[in-house]
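Going by full-length UniProt numbering, the first residue of the sequence shown is number 1, and it counts up by one from there. All residues carry an ideal CB built from backbone N, CA and C; glycine is no exception. Remember, it's a predicted structure, so these values are computed and weren't measured experimentally.
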Amino acid sequence: MKRGLEGPEPEERPSPTGRRNKQGIRIDPEVEATHEPRRTVISALVTHEPGVLSDVSGLFSRRQFNIESLTVGPTEDEDRARITIVVEEPDPGIDQIEKQLRKLVPVISVRELEPDAMRRELALIKVDAERPDQVAAVADMYDGKTVDSSPETATIEVTGARQKIEAAIDTFSQFGIREISRTGTTALARGTDRTAAPSSTAQPADEANHDDQYTPADDD
């Protein structure tokens with residue numbers, strides 16, 4: 001009887017781990033750990049159709065990327081929507097996020113935004129209103145707007161960059177915070193620079209992504 005090559009049984013063989021880089025090569029987790037995580041914003045232009053957000057969120061869930069926020073909304077073109085994602089990952093992870101997003105058929109273009117891009121978030125902060133004058137004064141400090149008030153509570157709307165929102169929440173905490181709701185970050189590139197637009201030579205999304213779309217095997 002012919003014997004195969006000697007070696008450990010299949011169940012005893014080491015299984016490859018780690019994510020793949022842009023070239024499809026696996027990244028050693030120990031090597032990836034040498035890259036410090038950084039927070040960045042990724043903007044994706046997608047076709048405005050049912051199921052797009054589910055596709056994107058499912059991708060992030062499978063890959064276990066560290067997402068801080070994900071927002072989606074219409075654009076100037078009613079057939080397209082913009083997804084803005086804030087992630088905190090090392091550079092190899094950020095490269096992988098962009099690569100995997102481009103594989104999704106509804107995705108038209110993907111771009112990591114520059115650090116000086118315009119980033120805004122809206123927060124609703126509901127606090128105890130035992131000291132209404134002081135609550136109003138703090139709201140003025142952060143250009144906030146009182147959108148609801150009662151003898152017991154006041155709800156303040158604050159809009160701005162993440163750092164401003166977090167500073168406002170920290171200051172309002174002196175009154176006793178009842179509830180907070182935050183939209184997550186939305187962003188645009190500055191000036192005439194397009195945030196996430198298809199190149200003039202790009203193929204239609206259904207053609208350009210057909211051969212490179214996501215399949216379960218890509219999770220290996």
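Query                                                                                                                                                        : Result
With DSSP collapsed to three states, give me the class of residue 9.                                                                                         : coil
Pull up the DSSP beta-bridge partners for residue 186, would you.                                                                                            : 120
Check whether the stretch 82–97 and the stretch 34–43 are in contact - that is, three or more C-beta pairs closer than 8 angstroms.                          : yes
Within 7 angstroms: the Cβ of residue 160 and any heavy atom of the ligand HEM?                                                                              : The model on display carries no ligand, and the ligand HEM is accordingly not part of it.
Are three or more beta carbon pairs between the stretch 134–154 and the stretch 78–86 nearer than 8 angstroms?                                               : no
When you compare each of 135, 68 and 103 to residue 153 by their alpha carbons, which one comes out closest?                                                 : 135
Could you check what DSSP says for residue 69 in three-state terms: helix, strand or coil?                                                                   : strand
Does the stretch 104–111 come close enough to the stretch 65–79 that 3 or more CB-CB pairs lie under 8 angstroms?                                            : no
What first and last residue would you give for the beta strand (DSSP E) that runs through residue 59?                                                        : Not the beta strand (DSSP E): residue 59 falls in the alpha helix (DSSP H), residues 52–63.
Residue 162 by DSSP, collapsed to three states: which one?                                                                                                   : helix
Mapping the DSSP letters down to three states, classify residue 131 as helix, strand or coil.                                                                : coil
If you drop the 5 nearest sequence neighbours on each side, which residues of the same chain put their C-beta closer than 6 angstroms to that of residue 67? : 60 and 87
Residue 87 bridges to which residues according to DSSP?                                                                                                      : 40 and 67
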